């Protein structure tokens, strides 16, 4: 018995023409997360062209017209299932995106959708209730969110806006976590300061200290007594800071002796802009000190208030403005960077209009 085994080799080029795909997708709010599903899909393949090269290709060419229609149909049948699988994968990814994100040690950010996305011919809009919570004792703040409308910016790819509520909820969350407080000791006071934390120098403002607690170090617990509140108006950021300062004398063994509490009411005004970084500057509008309570008797706070104003202007604001002048980098979006960005401060909200660029390709 004899066997004749023939082998052949070659290649072919396949071109597909006039592919038309129609897909209807539904975007929805699924328990605060963005959801996407395929509602309808249809596809049509106009024609295919096959070119054989090498080997016995001359023998296949007469049959091309006979099975090109079958090839077109095979391609058409696979298009919509492939799209459906891609949408299912995207939906799985979307459902894995957390709506509660830890932000550092003290607070977390909740970003659930408040409604289904709005899709128009020009834009894709998401309404999100952004709110910060204390990680240790989450609770709703004593103020509510207000509705605001972001102006459409047709010359930018992305618009992101945040209301006063978002920023103030962060301040409330930090306050609830006990993070808005600091113990100030004399070694933290700049050496060039005209006053230091000891009863000898403070005796010039509180005479009782020199007789009751002579030549003792002092310590101050400075804390926010209420939630610091931000307010946005046209081009301006205002901050109101209610605080208190508890002064104590430090005995040689380290024991603290309560002296008095000063209630502080401060307000600041500033602005922000985007160059390459997010930058800004602030100034003091008002600062008042009043005696909240005292274990050593009453005293006037006028001179202490003047010293506090001078300290804020000489030491606190210059350091803050130096940091704000250097600025903070704009966030990146997993391989994408923000370019041509503009910051807009309006009544009740702040918005960033920006283009998005691939960090690797620059496109």
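Numbering (my numbering), first residue to last: 4 to 366.
Quick reminder that beta carbons are idealized off the backbone N, C-alpha and C, glycines included.
Just so we're clear, the structure is a prediction, and the values are computed from it rather than from any experiment.
Contact with chain D by residue i, beta-carbon distance below 8 Å
| i | result |
| --- | --- |
| residue 132 | Of the protein chains in the structure, only one exists, and it is not chain D. |
Residue i versus residue j: straight-line alpha-carbon distance, rounded
| i | j | result |
| --- | --- | --- |
| residue 166 | residue 37 | 21 Å |
| residue 251 | residue 96 | 55 Å |
| residue 347 | residue 355 | 6 Å |
| residue 171 | residue 241 | 12 Å |
| residue 265 | residue 254 | 21 Å |
| residue 124 | residue 357 | 19 Å |
| residue 286 | residue 209 | 29 Å |
| residue 21 | residue 86 | 18 Å |
| residue 117 | residue 136 | 17 Å |
| residue 139 | residue 99 | 24 Å |
Local Cβ density within 10 Å of residue i, reported as buried at 16 or more and exposed below that
| i | result |
| --- | --- |
| residue 7 | Here the model assigns residue 7 a pLDDT of 47, short of 50, so the residue's position is not dependable, and the following value carries that caveat. With fewer than 16 other Cβ atoms within 10 Å, it is exposed. |
| residue 173 | buried |
| residue 76 | exposed |
| residue 317 | exposed |
| residue 231 | buried |
| residue 331 | exposed |
| residue 227 | buried |
| residue 127 | exposed |
| residue 91 | exposed |
| residue 27 | exposed |
| residue 31 | exposed |
Opposing strand residues paired with residue i [DSSP bridges]
| i | result |
| --- | --- |
| residue 249 | 224 and 264 |
| residue 186 | 224 |
| residue 137 | 110 |
| residue 349 | 352 |
| residue 269 | 244 and 290 |
Problem - 3 or more residues per run - each beta strand (DSSP E) lying fully within the stretch 16–104 - result: 36–56
Exercise for the section: Pair every Cβ in the stretch 210–221 with every Cβ in the stretch 298–306, then say whether three or more of these pairs are closer than 8 Å. Expected result: yes
Exercise for the section: List in chain order: all unbroken beta strand (DSSP E) runs of 3+ residues lying wholly within the stretch 278–317. Expected result: 281–297
Exercise for the section: Kindly confirm or deny that the stretch 189–209 and the stretch 151–163 touch, where touching means at least three C-beta pairs closer than 8 Å. Expected result: no
Exercise for the section: Evaluate the contact criterion for the stretch 131–142 versus the stretch 101–115: three or more CB pairs, one atom per stretch, below 8 Å. Expected result: yes
Exercise for the section: Could you tell me whether the stretch 182–192 touches the stretch 142–156, using the rule of 3 or more Cβ pairs below 8 Å? Expected result: no
Problem - Those runs of the alpha helix (DSSP H) which lie wholly inside the stretch 188–245 and span at least 4 residues - result: 202–205 and 211–215
Problem - Continuous beta strand (DSSP E) assignments of at least 3 residues falling wholly in the stretch 140–178 - result: 161–166
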